[in-house]
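Novice: Residue numbers (my numbering): 1 to 232. From the three backbone atoms N, C-alpha and C, an ideal C-beta is built for every residue, glycine too. For clarity, every value in this text was computed on a predicted model and none was experimentally measured.
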């Protein structure tokens, strides 16, 4: 087996943007919206899944796991994604609702790291989003016992075929009760902007007041966030 041996010599110079000290939005979700729009509108032929983000969860004793998921919405209350509640990430979020997400946008030389508490979206939100998905994706959600062993591709296809038989061609696919949305309610957000000579910009927003997870008042008040610059 052979491996690349010169990885340590790879270098990238960062010089596209800067993140000045002021003026900065008082609320991190405002700055995130500006950065996300810049990413969504940039012309990058190699970009796919522009709403992809990296989600890190952990067991109660601190064993981490990480994967890419798709952001399906964000507002002043947090970041929304959907999954199988019985998956590994679902089980970990049930046992330990603290999680972190990372957005990495290489063509802009930017990344955003978010930490917070994850809560389930309402059942209505989950059902409405499920209804908007392609039918094949709906059937896959019904068929797949996510994160559980499956013998082979044929066995997985058989589960999908069985799900197809379960619903008449013109009948709506019912959202499974074990499938739905999560909202990560942020209490810490870090914006990273690459700059020359590795003097990167790092601006952090920390929530001063931690409301119970079911409330969102602290996150919507600009005065409840403190802003700092960190050394790169």
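Between the C-alpha atoms of residue 162 and residue 143, what's the straight-line distance to the nearest angstrom?
Specialist: The straight-line gap from Cα to Cα measures roughly 8 Å.
Novice: Taking DSSP as the reference, what is the three-state secondary structure of residue 134?
Specialist: Coil.
Novice: Run through DSSP, which three-state label would residue 202 get?
Specialist: Here residue 202 sits in strand by DSSP.
Novice: Just the C-alpha distance for residue 58 and residue 138, rounded to the nearest angstrom, thanks.
Specialist: Answer to the nearest angstrom: the Cα atoms are 27 Å apart.
Novice: For residue 227 and residue 17, what's the separation of their Cα atoms in angstroms?
Specialist: For residue 227 and residue 17, the distance between alpha carbons rounds to 20 Å.
Novice: Tell whether a beta-carbon distance below 8 Å holds between residue 90 and residue 126.
Specialist: It is not a contact, given that the beta carbons lie outside the stated cut-off.
Novice: Whose CA, out of 191, 52 and 56, lies closest to the CA of residue 116?
Specialist: Ranking the options by Cα distance to residue 116, first place goes to 56.
Novice: Under the rule that 16 or more other beta-carbon atoms within 10 Å means buried, what is residue 4, buried or exposed?
Specialist: By the 10 Å Cβ count, residue 4 comes out exposed.
Novice: Taking contact to mean 3 or more Cβ pairs, one atom from each stretch, closer than 8 Å, check whether the region 37–49 and the region 105–114 are in contact.
Specialist: With a cut-off of 8 Å, the region 105–114 and the region 37–49 count as touching, because enough Cβ pairs lie within range.
Novice: Is DSSP giving residue 8 helix, strand or coil here?
Specialist: Looking at residue 8 - three-state DSSP - the assignment turns out to be helix.
Novice: For residue 14, collect the residues of the same chain with a Cβ closer than 6 Å to its Cβ; drop the 5 residues on either side in sequence, then sort them by chain order.
Specialist: Around residue 14: 109, 194 and 195.
Novice: Do residue 34 and residue 51 count as a contact pair if the criterion is CB distance below 8 Å?
Specialist: Going by C-beta atoms, residue 51 is not nearer than 8 Å to residue 34.
Novice: The beta strand (DSSP E) spanning residue 30 covers which residue range?
Specialist: Segment 28–41 is the alpha helix (DSSP H) holding residue 30; no beta strand (DSSP E) there.
Novice: Quick one, which of 166, 81, 99 and 175 has its alpha-carbon nearest residue 66's?
Specialist: Out of 166, 81, 99 and 175, 99 has the C-alpha closest to the C-alpha of residue 66.
Novice: Could you give the residue range of the alpha helix (DSSP H) that holds residue 160?
Specialist: Per DSSP, residue 160 belongs to the alpha helix (DSSP H) from 153–166.
Novice: From the DSSP output, in three-state form, read off residue 141 for me.
Specialist: Three-state DSSP puts residue 141 in a helix.
Novice: I'd like the span of the beta strand (DSSP E) that includes residue 226, first residue to last.
Specialist: Its beta strand (DSSP E) spans residues 225–229.
Novice: Restricting to Cα atoms, I'd like to know which of 73, 207 and 197 is closest to residue 189.
Specialist: When only C-alpha atoms are compared, the closest one is 207.
Novice: Is the distance from the Cβ of residue 179 to the Cβ of residue 141 below 8 Å?
Specialist: In this structure, residue 141 lies closer than 8 Å to residue 179 by Cβ.
Novice: Inspect the CB distances between the region 42–49 and the region 149–157 and report whether three or more fall short of 8 Å.
Specialist: No contact exists between the region 42–49 and the region 149–157.
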